[in-house]
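Everything below concerns the one structure shown next.
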Amino acid sequence: MILAADIGNTNIKFGVFDEGALKYSFRLSAALNKTSDEYGFNLKSMLSQSGFTTDEFEGAVVCSVNPNLNYTIEHMIDYYFKVKPIIVGAGIKTGLNIKYDNPKEVGADRIMGCLGAYYGYGGPCVVVDYGTATTFNAVSERGEFLGGAISIGIKSAADALSRSAAKLPRVELVRPAKAINKNTITNMQAGIVGGFIGLTEYIVRQIKAEMEGDPRVIATGGLSEIIAPHTGVIDIVDRTLTLKGLYRACLLNR
Numbered sequence: 032m033i034l035a036a037d038i039g040n041t042n043i044k045f046g047v048f049d050e051g052a053l054k055y056s057f058r059l060s061a062a063l064n065k066t067s068d069e070y071g072f073n074l075k076s077m078l079s080q081s082g083f084t085t086d087e088f089e090g091a092v093v094c095s096v097n098p099n100l101n102y103t104i105e106h107m108i109d110y111y112f113k114v115k116p117i118i119v120g121a122g123i124k125t126g127l128n129i130k131y132d133n134p135k136e137v138g139a140d141r142i143m144g145c146l147g148a149y150y151g152y153g154g155p156c157v158v159v160d161y162g163t164a165t166t167f168n169a170v171s172e173r174g175e176f177l178g179g180a181i182s183i184g185i186k187s188a189a190d191a192l193s194r195s196a197a198k199l200p201r202v203e204l205v206r207p208a209k210a211i212n213k214n215t216i217t218n219m220q221a222g223i224v225g226g227f228i229g230l231t232e233y234i235v236r237q238i239k240a241e242m243e244g245d246p247r248v249i250a251t252g253g254l255s256e257i258i259a260p261h262t263g264v265i266d267i268v269d270r271t272l273t274l275k276g277l278y279r280a281c282l283l284n285r
């Protein structure tokens, strides 16, 4: 079995792969004050609840956009799973041709999401990842990462709004039934969720107009299910896309 870990700014997503299939996935908070032993204990507990043990794993792969946690997670996997994880970074085979001014600037999670989409659904494709940031990523039919766009994340935008305006509360991220609403909560929900629906539709249509062929649009990330069903441009929602890309990268680099 293979363990995949996607270290984000808010959460760490883990996936367990066996014979090419994702058997189990879960999240732990990306807490800087946790030790490798704390992460190891939590990870072992989560796995044991689903019938897995750490000695069943023959490999691991990690990507990260949170460098402060890299050593902690790498050391934890090395110590508790007795495998040396493959770290996604410069020099790693991805099967994609990175058409970026400086390929080292591209977040590893963006590339892994595109890798999972390309090998899972084919190209051309557009990957929209709703996380701490919202990223739009274009992949050609030939497997070229063409670039894309980066915007603020939905939760980040909502948190910034409540922090910056003293009388505005934190709200649940759901779409109200109407655009014209009569209380502060639903006004904020309409503006935030509706705003991201519009953002998604505009940027995806612009990207598709600049690409060859008719790209399929795949949404991923923890908040994808809030936005994707209400747009007219998302074809597929796959919240495990980055983990699937990590597994593919592990196969390419073993």
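In terms of our numbering, the sequence shown has 91 at position 60, counting the first letter as 1, and numbering is strictly consecutive. The beta carbon of each residue, even a glycine, is placed where N, CA and C say it ideally should be.
The closest CA to that of I183, considering only L254, S56, K44 and E87, is found on L254. Straight-line measurement puts the Cα of T84 at about 34 Å from the Cα of A164.
Nearest Cα to E203 within the set T66, N218, G51 and R58: N218. Closest option to S60, judged by alpha-carbon separation, among G39, V47 and S76: G39. If you ignore the 5 residues before and after S56, its C-beta comes within less than 8 Å of the C-beta of K44, F45, G46, V47, T271 and L274, all in its own chain and listed in chain order. Collapsing the DSSP output to three states places D37 in a strand. Contiguous alpha helix (DSSP H) elements confined to the segment 93-154 occur at 101-112 and 139-152, taking only those with 4 or more residues.
In the structure shown, T273 falls within a helical segment according to DSSP collapsed to helix, strand and coil. Within the model, the alpha-carbon separation for V224 versus E243 is close to 30 Å.
Between the beta-carbon of D266 and that of I238 there is about 14 Å, and that puts the pair past the 8 Å contact cut.
Closest option to D86, judged by alpha-carbon separation, among V93, V92 and L78: L78. Of the candidates G276, R173, N212 and L53, the residue whose Cα lies closest to the Cα of R141 is G276. By the neighbour-count definition (other C-beta atoms within 10 Å, threshold 16), P134 is an exposed residue.
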